[in-house]
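Below is one structure, written out as structure tokens; comments come after it.
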Amino acid sequence: MRELLTLDDIYNKKIFRIPDYQRGFAWTKPQCLDFWEDLVSLNKTRYHYTGVISIKAVPEEKLDIWKDEEWLINSRGYKGYYIVDGQQRMTTISIFIQCLIEMVKKLAQNKGLNDDEIYLGTFNLKEIIEKFMVVAQPPTKITKAYLFGYETDNPSFQFLRHRIYNEGHPGTVLETYYTLNLENAKIFFSENISNIVKERGEQILEELYEKLSQRLMFNLYEIGDEFDVFVAFETMNNRGKKLSDLELLKNRLIYLTSLYSDEVVKENDRRTVRNNINDAWKEIYYQLGRNKISPLNDDDFLRAHWIIYFKYSRKRGDDYIRFLLDDYFSPKKVLEKTPVIWNNITEIIETHEKDGNDDDSDDDSEDEFVPTFTTKLTLQEIDQYVKSIKDASKHWYDTHNPTNNGDYTKAEQKAVDRLNRIGIGYFRPLLTATFYNSTILVANRISLLNQIERFIFLGFRIQRAQSNYRNSVYYNATRQIANNEITTDQLITTLEDDLKWIKETDGSLRISPFKDHLFRKFISGTGFYGWNGLRYFLFEYEDYLMEIRGVPKVSWNNFMRNEKDKVSIEHIYPQTANDECWENSFEGVSDGRKKLLTNMLGNLVLLSQSINSSLQNICFENKIQTLQDNSGNTIRNGYSNGSYSEQKIAALSSWNATEIENRSLQLLSFLETRWNILIGDDNKKKEMLLLKEESLE
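So the sequence shown is residues 1304 to 2000, counted in this note's numbering.
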């Protein structure tokens, strides 16, 4: 460990690369904000300790493939280094310098000037760029050597060069969750540098650069050849962003490829598997970050693939990563050797006719048995696992994003979309496995997915089973379905058997669990409005009505609460029914009964668009018509122009206690048909709905 160094010292004739076993840029707003505030608040006469940067010299054989940097290394004495720890800070600094340079170029007095004519303090931009960013090879300046970046096969490097550093002619640039972080960091620093210039004047740019290059202090630690860089990486933490299990696993797999002896593994095989690991993790991070607005969690995916690939256990919450790192992909599995035994195999000796001329002095004794040794974990097993997790990542993404997915049939899109809407819970790995196994026929897959949806709705939303009910059974089935050890028909039978408990001896639905749950909801004041299956149920009812008409009027994405007190489910008979029209419609109905009916299933309707709660108390005849303000502008369409559910209600002449009860019974009849379960006659339905109660007070 050397003395404290400035950024200017650290970059002295060095080229930095993020090695292939590291993750991409993981800092988000909190970490970028910390960096910005540290820099801005730093007194320009003081120093700020920024941490340790751990580096390791790039081996000679690796430097041979650094074609763009070769001239800088050979003719100017630069050295190449891998950043083992500190890459998040170094990436942030690089982005910040780029934003600073861009801001200086935008100043009115600098427009039209060359980089060597624009100054930031006593340095011109050409000097700053060649010190920290990129050096172009003279005289043509076609070849550019970037002083900081990723190994060239990392998609983040292409994004860094073309989208952050503004190098032209990008072609196709792969975007991932990590490239989104790069983009967001640039936006963050660009906006804040621009704002601080407006507040404090242009001289702040020189001050920021001086602080960055001369006032931030680092410990630079160079790891020697004798030190295991992979183990070092696993034990080091980056500021504010702990390595995910998926990132640790990638590092571990690459590390294991280096442990096989040359006698066991050929170098080209080792290189091939290492390339496969890098390719797999590129694909994984692409899939996980493919939806940039809603990226998928690393560790959720890793655990799901563990369930698909290995035998499930539930000893602890983190048992999957402990198994992967401490057991299956442990270094001892590569280093320890086991003998190949054949002692118990009957030896076959071919019989030869003797010609009578055998020399009696021939040695008939057997050679001493020398067993063959092999590693417990072969390179082929690592490669097989890597190919599997790569393949699974796409299916994992697809199950989260089924709509308009070109790899799914329309029926598959609908089945998967339903599972996402209802809350798929612990069935996600099993869902992924049904697509991971490409031999499953589409029709069989759809039948299974529909049965899972039915299991979730009836078992959890209606019968109120605990959220982990039978989860170990279906986790184990995940690997079995992926490996064709069971069929979809067998799994459908298991799902049906596991729902037998929800039925009475006559085959009808046991209503007591739902009744008890509903009773508690009414006591708390929410009734059906507080049922966690309500939104899904009403959306499915709307979808059923839509199939009759053919044109959707409601999108699930808009069918949720938002922070502006707008709702997408309305009480038709309002919770605050003060208008005389409601008193007339419910004349003779007790207050307790009114309270019950207000939160009854039949009194709740899915709206085609959100409506401000202040409009919910108007009379029924006004609700079904288009609402306008005093200027004649439409505030919202009435029920008659709304969802199909609204239109059915708008066809009625009035809304009263009888209509609420009738619609509640109609909706339960829909439930019977949609989920293939018999509830019973109207009396039993009324009992299930608590309609036989006068009130619940």
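Glycine included, C-beta positions come from ideal geometry on N, C-alpha and C.
Rounded separation between residue i and residue j - CA only
{"i": "proline 1362", "j": "aspartate 1601", "result": "31 angstroms"}
{"i": "lysine 1803", "j": "serine 1616", "result": "26 angstroms"}
{"i": "lysine 1359", "j": "threonine 1797", "result": "55 angstroms"}
{"i": "lysine 1638", "j": "leucine 1551", "result": "Residue identity check: residue 1638 is leucine in the sequence provided, not lysine. Using only the alpha carbons, I get a separation of about 20 angstroms."}
{"i": "glycine 1983", "j": "leucine 1968", "result": "11 angstroms"}
{"i": "phenylalanine 1738", "j": "lysine 1693", "result": "14 angstroms"}
{"i": "glutamate 1306", "j": "lysine 1316", "result": "18 angstroms"}
{"i": "phenylalanine 1822", "j": "threonine 1712", "result": "42 angstroms"}
{"i": "methionine 1903", "j": "glycine 1830", "result": "7 angstroms"}
{"i": "aspartate 1894", "j": "glutamine 1928", "result": "28 angstroms"}
{"i": "isoleucine 1826", "j": "glycine 1726", "result": "26 angstroms"}
{"i": "leucine 1308", "j": "glutamate 1420", "result": "29 angstroms"}
{"i": "isoleucine 1685", "j": "glutamate 1505", "result": "56 angstroms"}
{"i": "asparagine 1484", "j": "isoleucine 1396", "result": "14 angstroms"}
{"i": "asparagine 1541", "j": "glutamine 1391", "result": "With a pLDDT of 44 at asparagine 1541, under the threshold of 50, the modelled position of that residue is not reliable, and no figure is offered here."}
{"i": "aspartate 1572", "j": "proline 1333", "result": "42 angstroms"}
{"i": "leucine 1523", "j": "tyrosine 1385", "result": "12 angstroms"}
{"i": "phenylalanine 1372", "j": "glutamine 1440", "result": "Before going on, a small fix: residue 1372 reads as glutamate here, not phenylalanine. The alpha-carbon atoms of glutamate 1372 and glutamine 1440 are separated by roughly 9 angstroms."}
{"i": "leucine 1999", "j": "cysteine 1335", "result": "54 angstroms"}
{"i": "asparagine 1487", "j": "threonine 1331", "result": "8 angstroms"}
{"i": "tryptophan 1834", "j": "leucine 1992", "result": "12 angstroms"}
{"i": "arginine 1896", "j": "leucine 1837", "result": "21 angstroms"}
{"i": "tyrosine 1449", "j": "aspartate 1622", "result": "42 angstroms"}
{"i": "glutamate 1715", "j": "isoleucine 1749", "result": "6 angstroms"}
{"i": "aspartate 1311", "j": "arginine 1518", "result": "10 angstroms"}
{"i": "tryptophan 1369", "j": "glutamate 1405", "result": "28 angstroms"}
{"i": "glutamate 1756", "j": "proline 1458", "result": "38 angstroms"}
{"i": "asparagine 1779", "j": "asparagine 1707", "result": "30 angstroms"}
Cβ neighbours of residue i in the same chain (closer than 7 angstroms, five flanking residues each side left out)
{"i": "arginine 1977", "result": "Glu1843, Tyr1847"}
{"i": "glycine 1389", "result": "Gly1354, Val1355, Ile1356, Ser1357"}
{"i": "asparagine 1753", "result": "Ala1718"}
{"i": "arginine 1966", "result": "Gly1905"}
{"i": "tyrosine 1512", "result": "Leu1403, Leu1423, Gly1424"}
Exposed unless 16 or more other CB atoms sit within 10 angstroms - verdict on residue i
{"i": "glycine 1383", "result": "buried"}
{"i": "leucine 2001", "result": "The requested residue 2001 is not part of the displayed model; the chain covers only 1304 to 2000."}
{"i": "tyrosine 1588", "result": "buried"}
{"i": "lysine 1501", "result": "exposed"}
{"i": "glycine 1452", "result": "buried"}
{"i": "alanine 1954", "result": "exposed"}
{"i": "arginine 1782", "result": "buried"}
{"i": "tyrosine 1259", "result": "Outside the displayed span of the chain (1304 to 2000) sits residue 1259, for which this structure offers no information."}
{"i": "threonine 1961", "result": "exposed"}
{"i": "glycine 1762", "result": "buried"}
{"i": "proline 1877", "result": "buried"}
{"i": "aspartate 2005", "result": "Summary: the structure shown does not reach residue 2005, with the chain confined to residues 1304 through 2000, and so no result is reported for it."}
{"i": "isoleucine 1431", "result": "buried"}
{"i": "leucine 1981", "result": "exposed"}
{"i": "asparagine 1945", "result": "Looking at the sequence itself, residue 1945 is glycine, so the reference to asparagine does not match. Buried."}
{"i": "serine 1934", "result": "exposed"}
{"i": "proline 1442", "result": "exposed"}
Sequence-distant residues of the same chain with beta carbon closer than 6 angstroms to residue i, five excluded per side
{"i": "isoleucine 1875", "result": "Asn1906, Val1908, Trp1958"}
{"i": "asparagine 1774", "result": "Tyr1729"}
{"i": "aspartate 1662", "result": "For aspartate 1662, the pLDDT reaches just 43, beneath the cut-off of 50, and the residue's location in the model is therefore unreliable, leaving the point undetermined."}
{"i": "glutamate 1807", "result": "Arg1813"}
{"i": "aspartate 2003", "result": "Outside the shown range of the chain (1304 to 2000) lies residue 2003, about which nothing can therefore be said."}
Residues bridged to residue i [DSSP beta-bridge criterion]
{"i": "aspartate 2001", "result": "In the structure displayed, the chain extends from 1304 to 2000; residue 2001 sits before or after that span and is not available."}
{"i": "tyrosine 1422", "result": "Asn1427"}
{"i": "asparagine 1522", "result": "Val1355"}
{"i": "lysine 1447", "result": "Ala1439"}
{"i": "leucine 1551", "result": "According to DSSP, which records beta bridges pairwise, leucine 1551 is partnered with nothing at all."}
{"i": "histidine 1874", "result": "Leu1907"}
{"i": "isoleucine 1321", "result": "Tyr1453"}
{"i": "lysine 1382", "result": "Lys1317"}
{"i": "threonine 1309", "result": "Met1520"}
{"i": "lysine 1806", "result": "Leu1812"}
Cutoff 8 angstroms; reference residue i; Cβ partners in own chain excluding five residues on either side
{"i": "tyrosine 1422", "result": "Leu1428"}
{"i": "cysteine 1922", "result": "Asp1882, Cys1884, Trp1885"}
{"i": "histidine 1655", "result": "For histidine 1655, the predicted model reports a pLDDT of 45, less than 50, meaning its position is unreliable; a value from the coordinates is still stated below. No residues qualify anywhere along the chain."}
Q: Say whether the stretch 1566-1578 touches the stretch 1594-1614, bearing in mind that this needs 3 or more beta-carbon pairs closer than 8 angstroms, one atom from each stretch.
A: no
Q.
With three or more beta-carbon pairs closer than 8 angstroms as the criterion, would you say the stretch 1607-1615 touches the stretch 1720-1738?
A. yes
Q: Examine the Cβ distances between the stretch 1761-1777 and the stretch 1801-1815 and report whether three or more of them are shorter than 8 angstroms.
A: yes
Q. Does the stretch 1776-1796 touch the stretch 1742-1753, meaning 3 or more C-beta pairs lie closer than 8 angstroms?
A. yes
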